[in-house]
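Visitor: Residue numbers (UniProt numbering): 1 to 184.
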Ligand code: ADP
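1) Please classify residue 25: does DSSP put it in a helix, a strand, or coil?
2) So what does DSSP say about residue 153, is it helix, strand or coil?
3) Would you call the segment 18-31 in contact with the segment 48-58, where contact means no fewer than 3 C-beta pairs closer than 8 Å?
4) The beta strand (DSSP E) spanning residue 10 covers which residue range?
5) Ordered along the chain, which non-local residues of its own chain (more than five positions away) have a Cβ less than 7 Å from that of residue 113?
6) Taking residue 147 as the reference, which of 110, 105, 38 and 77 has the closest Cα?
7) Could you tell me which residues DSSP pairs with residue 80 in its beta bridges?
8) If we count the other Cβ atoms within 10 Å of its Cβ and call it buried at 16 or more, is residue 43 buried or exposed?
9) Got a sec, what are the start and stop residues for the alpha helix (DSSP H) residue 123 sits in?
10) In terms of residue numbering, what span does the beta strand (DSSP E) encompassing residue 107 cover?
11) With residue 67 as the anchor, note down where its alpha helix (DSSP H) starts and where it stops.
12) Quick one: residues in its chain with C-beta nearer than 6 Å to the C-beta of residue 126, no 5 flanking neighbours on either side, listed in chain order?
13) So residue 157 and residue 84 are supposed to be a Cβ contact under 8 Å. How far apart are they, rounded?
14) When the Cα of residue 61 is compared with those of 40, 73 and 88, which residue comes out closest?
15) Going by the beta-carbon positions, is the gap between residue 107 and residue 170 smaller than 8 Å?
Put into C-alpha cells, the structure is as follows:
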C-alpha cells in the first residue's frame with residue numbers, strides 16, 4: 001500500500017508565516033518517511049509562472065498553474081505543501097474542487113503584525129508607493145470561509161501552528177501510510 005496524496009495549501013498575507021510553518025511541517029513529515037514536494041509561491045513565480053504579474057487575472061493564473069501541478073503530484077500519492085498568498089477565494093475553491101484531497105491552512109496573521117515584521121521590506125516599499133497592487137495595502141485579500149486549520153501566529157509559536165497542521169492531516173487519515181520502497 002502506498003501513501004495517500006494530499007495538497008496542503010497555505011494561504012495568507014505576505015509575511016504571515018506560510019513559508020516558516022511549511023518548513024517545520026516539511027521537516028516533521030520527512031522525518032516520518034513521507035514523500036513530499038513543496039511549491040513555494042516565491043520560487044514558483046521565478047519558474048513555473050515567471051512573467052506573470054499581480055493583476056487579478058495573473059494572480060488567478062498563477063494559482064491555477066500551481067493547482068495543476070499540485071493535482072498531478074497529489075494523484076500520484078505525494079503530499080504537496082503549497083505556500084502562496086492566493087488572495088482570491090474563488091480560484092482557491094476551484095483548485096480545492098479539482099484536487100479533492102485538499103486541506104486549506106489559513107495563516108491569519110493580521111496586517112499590522114505582518115507589516116511590523118516586514119521580513120522582506122516589502123510593506124515599507126508598498127506604503128511608499130514603490131510597489132503597486134500589494135496584497136493588504138492596495139490589493140484585496142479574501143480570507144477562507146472554512147479553512148481546515150487557522151494558524152494564529154500572533155498568539156502561537158511556529159511549532160504550535162505546525163503541530164496543528166500535522167494533527168489535522170493525521171485526523172483526516174493522510175499520515176496513516178508511508179511509501180513502501182518497491183523491490184525489484
Ligand atoms: P510568508 O511565507 O507568509 O510570506 P514568512 O514565513 O516568509 O511569511 O515570514 C514570516 C516571518 O514571521 C518569519 O520571519 C518568521 O520567523 C516570523 N514569525 C514570528 N512568529 C511567527 C509564528 N508564530 N509563526 C510563523 N512565523 C512567525
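No residue lacks a Cβ here, since even glycine has one placed at the ideal position from N, Cα and C.
Guide: In terms of the structure at hand:
1) Three-state DSSP puts residue 25 in a helix.
2) DSSP places residue 153 in coil when its eight states are reduced to three.
3) Taking a cut-off of 8 Å on C-beta distances, the segment 18-31 does not touch the segment 48-58, as fewer than three cross pairs fall below it.
4) Per DSSP, residue 10 belongs to the beta strand (DSSP E) from 6-11.
5) Here the set comprises 154.
6) It is 105.
7) Residue pairing by DSSP places residue 80 opposite 7 and 37 in a beta bridge.
8) Exposed is the call here.
9) Run containing residue 123: 122-127, per the alpha helix (DSSP H) assignment.
10) Bounds of the beta strand (DSSP E) holding residue 107 are 102-107.
11) Segment 56-74, the alpha helix (DSSP H) holding residue 67.
12) Taken in chain order, the residues that qualify are 134 and 137.
13) The C-beta distance from residue 157 to residue 84 rounds to 23 Å, too long to meet the 8 Å contact threshold.
14) Taking each of 40, 73 and 88 in turn and checking the Cα distance to residue 61, the smallest one comes out for 88.
15) No, the pair does not count as a contact, with Cβ atoms beyond the cut-off.
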